[in-house]
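**Student:** Residue numbers (this note's numbering): 178 to 328. I have a structure I would like to understand better, so I am pasting it below and will then ask my questions one at a time.
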Amino acid sequence: AVCNSNPTPCNDPPDKLFTVHGLWPSNRNGPDPEKCKTTALNSQKIGNMTAQLEIIWPNVLNRSDHVGFWEREWIKHGTCGYPTIKDDMHYLKTVIRMYITQKQNVSAILSKATIQPNGTNRPLVDIENALRRGTNNTKPKFKCQKNSRTT
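The following block contains the structure:
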């Protein structure tokens, strides 16, 4: 979706799995908070998380700058997650934990329902039902984005 809706198209072909779009706190009423602090991401500490993050949360617009992408996400969204999100490394570990450990791997859930990221349009209810089946009936939050690059 990012590759199709961004004015700067992706250089690489789209991944054949659904990846994390982002992790940010949300307000039930009103806009989601942004840029709550100016604490930079400590890229020296990412270490052994890099390989996992590059697969599940890649910078699809610039494959050579994953760390810069994660830092922008941390500053824009992660800094607003306190006290639930303690710091930058807890933020990245939470993304990994939600995707892998807590079985919120959208690729695996949708693949099990034979929904693949292959450009095929699907009714929203099919996607919602598949996600509910894979997440103990948790209702997903969808955010629609107008896509001007396709008809």
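Cβ atoms here follow ideal geometry from the backbone N, Cα and C, with glycine treated the same way.
Pick out whichever of 249, 308 and 314 has its Cα sitting closest to the Cα of residue 216.
**Tutor:** Taking the first residue of the sequence shown as position 1, residue 216 is located at position 39. Of the candidates 249, 308 and 314, the one whose C-alpha sits nearest the C-alpha of residue 216 is 249.
**Student:** Considering only the alpha carbon of each residue, which of 285, 244 and 239 lies closest to residue 269?
**Tutor:** Taking the first residue of the sequence shown as 1, we reach residue 269 at position 92. Selected option, being the one with the closest Cα: 244.
**Student:** Enumerated in chain order, which unbroken segments of the alpha helix (DSSP H) with a length of 4 residues or greater are wholly contained in the stretch 225 to 284?
**Tutor:** If we require 4 residues or more, the alpha helix (DSSP H) runs fully inside the stretch 225 to 284 come out as 227 to 233, 243 to 253 and 265 to 273.
**Student:** With distances taken between CB atoms, is the gap from residue 200 to residue 283 smaller than 8 Å?
**Tutor:** Locating residue 200 in the sequence shown gives position 23, counting from the first residue. Locating residue 283 in the sequence shown gives position 106, counting from the first residue. Cβ distance not < 8 Å, so residue 200 and residue 283 don't count as in contact.
**Student:** Please list the terminal residues of the continuous alpha helix (DSSP H) segment that includes residue 307.
**Tutor:** Counting from one through the sequence shown, the residue named residue 307 turns up at place 130. Run containing residue 307: 301 to 311, per the alpha helix (DSSP H) assignment.
**Student:** Taking all protein chains shown into account, decide if residue 296 is buried (16 or more other Cβ within 10 angstroms of its Cβ) or exposed.
**Tutor:** By one-based count along the sequence shown, residue 296 stands at place 119. Looking at its Cβ environment, which holds fewer than 16 other Cβ atoms inside 10 Å, residue 296 is exposed.
**Student:** Applying the criterion that 16 or more other CB atoms from any shown protein chain within 10 Å of the CB defines a buried residue, is residue 319 buried or exposed?
**Tutor:** Numbered from 1 along the sequence shown, position 142 holds the residue referred to as residue 319. The residue is exposed, with fewer than 16 neighbouring Cβ atoms inside 10 Å.
**Student:** Excluding the five sequence neighbours on either side, which residues of its own chain have a C-beta within less than 8 Å of the C-beta of residue 301, listed in chain order?
**Tutor:** One-based indexing of the sequence shown puts residue 301 at position 124. Closer than 8 Å at Cβ, skipping near neighbours: 319.
**Student:** Report whether the distance from the Cβ of residue 319 to the nearest heavy atom of the ligand PLP is below 7 Å.
**Tutor:** This structure does not include the ligand PLP; it has no bound ligands of any sort.
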